[in-house]
Every structure is written in structure tokens, then in C-alpha cells.
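S.K.:
Chains as they are written, first to last, in our numbering: chain V, 1 to 112; chain A, 113 to 226.
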């Protein structure tokens with residue numbers, strides 16, 4: 001069954017605005033990852049946050065993790081039209097990522 | 113590096129036919145996985161492997177078979193295709209390290225079963 005649930009399911013913003021997507025999960029995790037999927041393409045890894053971390057940054061991305069609430073958020077600052085894509089959270093176990101459990105995703109549209 | 117390569121990109125099958133989806137990676141990753149993605153859904157795990165000769169079932173394994181004879185290749189076999197197997201299939205690879213590492217995905221195979 002799906003582990004994560006993203007919220008909102010769809011988000012439409014203007015270029016330059018910030019986009020925030022949320023993810024909730026059900027069971028204990030070792031790490032939580034965010035992936036981007038452009039239409040008709042494979043998934044690209046964005047960022048991984050471990051269960052003992054609370055916040056992580058990568059360029060215009062900021063991820064938070066609250067293990068007590070079993071939730072995570074992805075913030076994209078100063079969005080661009082090229083950020084238009086679907087974003088998925090996935091929970092992982094220790095070691096490799098052979099058994100990722102994905103949420104249903106948030107479809108982000110950034111209007112120029 | 114090519115990364116993870118999936119073939120074919122598109123395939124149409126008739127109900128009852130069998131076929132093999134190919135996946136190859138050139139990163140020497142120990143772990144490989146197959147997922148399917150249906151409209152409005154995230155990816156669901158079909159089968160995975162933690163090394164040559166070792167495979168295990170994921171969330172939705174029925175109707176699929178895998179084997180891992182080499183580190184590089186992880187083919188997915190549809191034994192007798194059904195319309196319910198119409199989906200986009202993704203192969204991924206990763207390596208084990210500490211508290212988790214990223215997965216690298218192929219571009220997907222879009223399968224239609226009529």
C-alpha cells in the first residue's frame with residue numbers, strides 16, 4: 001500500500017513564487033526522499049533526509065522532516081517554469097533504496 | 113555514463129502474450145528494482161534484488177517474474193499479459209550505504225495490453 005500521501009494533489013503558481021508540498025507517511029522510516037518526474041520521463045532524485053535530521057537544503061530546495069508527526073515538506077523557492085513537474089515523496093530503509101514506498105505525488109505547474 | 117537503460121520504450125501486447133522488459137545499469141549497483149506507475153498513483157514495487165542471484169517480491173508481484181544472473185541486468189517477465197498490466201514500468205538501481213542512498217531510474221517502458 002502507499003506509504004506517503006502528498007498534499008496538495010495539484011498546485012498552480014506564478015513564476016517567482018514559492019511552492020510548498022507536504023507528505024505524510026504511516027510507519028517508522030530510516031530516510032525520506034523527494035523525486036521529480038517531468039511528463040513522460042523517469043524520476044530524478046532531488047534530496048534525501050535521514051530520520052535523525054530535521055531540515056536539509058539543496059539550492060532552491062528546502063526539506064523538513066517531523067518524525068513525531070510522520071510528515072515532511074518540500075519548499076521550492078523562487079520557482080521557474082522549468083520546475084513544472086510531478087513531485088513524489090518516498091520512504092526508504094537503511095542501506096540502499098531497493099524498496100522505496102512512494103506517495104501519489106503533487107503535480108506542480110509554474111506559469112510564466 | 114548511460115545510467116539505467118530500459119528497453120523497449122513502448123510496447124503493445126495482446127492479452128495472453130508474454131514478453132520481457134529489459135533493464136541494464138552500468139553503475140555497478142548491487143540493488144535493482146522494478147516499479148509500475150498507474151494514472152494518479154505513485155510508483156508501486158513489483159520485485160527487487162539485492163544482488164546477483166537474489167530476488168524478492170514487492171507489493172504487486174503477481175503476474176511478473178524476475179531473475180538476476182548478473183549485477184548489470186534485471187529483466188522483468190510478464191508471463192501472460194492482462195489488461196490490468198497496462199502501465200508504465202520503471203527500473204531503478206541503488207547501492208547500499210549507511211542510512212540510505214538515492215535511487216537512479218530508467219526512462220520507463222509504456223506497456224499497453226489489449
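Where is the CB? At the ideal position from N, CA and C, for every residue including glycine.
Could you please give me the residues that DSSP links to residue 157 of chain A through a beta bridge?
M.R.: Residue 157 of chain A is bridged to A/147.
S.K.: From this set, A/220, A/214, A/187, A/175, which residue's C-alpha is nearest residue 127 of chain A's C-alpha?
M.R.: Minimum Cα distance to residue 127 of chain A is reached at A/175.
S.K.: I'd like to know whether the C-beta of residue 153 of chain A is nearer than 8 Å to at least one C-beta of chain V.
M.R.: Yes, residue 153 of chain A lies at the interface with chain V (some Cβ there is under 8 Å from its Cβ).
S.K.: Taking only beta-carbon positions, decide if residue 11 of chain V is within less than 8 Å of chain A.
M.R.: So, not an interface residue.
S.K.: Starting from the Cα of residue 77 of chain A, find the closest Cα among V/109, V/92, V/112 and give me that residue.
M.R.: Lying before the first or after the last residue shown, residue 77 of chain A is absent from chain A, which here runs from 113 to 226.
S.K.: Would residue 160 of chain A count as contacting chain V if we go by Cβ distances under 8 Å?
M.R.: So, interface residue.
S.K.: Would you kindly work out how many angstroms separate the C-alpha atoms of residue 101 of chain V and residue 26 of chain V, rounded to a whole number?
M.R.: Between residue 101 of chain V and residue 26 of chain V, the C-alpha separation is close to 11 Å.
S.K.: In angstroms with no decimal places, state the Cα-to-Cα distance between residue 1 of chain V and residue 71 of chain V.
M.R.: Reliability of the predicted coordinates at residue 1 of chain V is poor, the pLDDT of 49 falling under 50, and the value obtained from them is presented with this limitation in mind. Their Cα atoms are separated by approximately 17 Å.
S.K.: Report the option in V/23, V/31, V/110 whose CA atom is closest to the CA atom of residue 78 of chain V.
M.R.: Cα-wise, what sits closest to residue 78 of chain V is V/110.
S.K.: Does DSSP put residue 82 of chain V in a helix, a strand or coil?
M.R.: The answer is helix: DSSP assigns residue 82 of chain V an H, G or I state.
S.K.: Which residue comes first and which comes last in the beta strand (DSSP E) that contains residue 168 of chain A?
M.R.: Segment 166 to 169, the beta strand (DSSP E) holding residue 168 of chain A.
S.K.: Evaluate contact between the segment 202 to 220 of chain A and the segment 139 to 158 of chain A, counting only Cβ atoms and requiring at least three cross-stretch pairs below 8 Å.
M.R.: As far as the Cβ criterion goes, the segment 202 to 220 of chain A touches the segment 139 to 158 of chain A, which means the pair count is three or higher.
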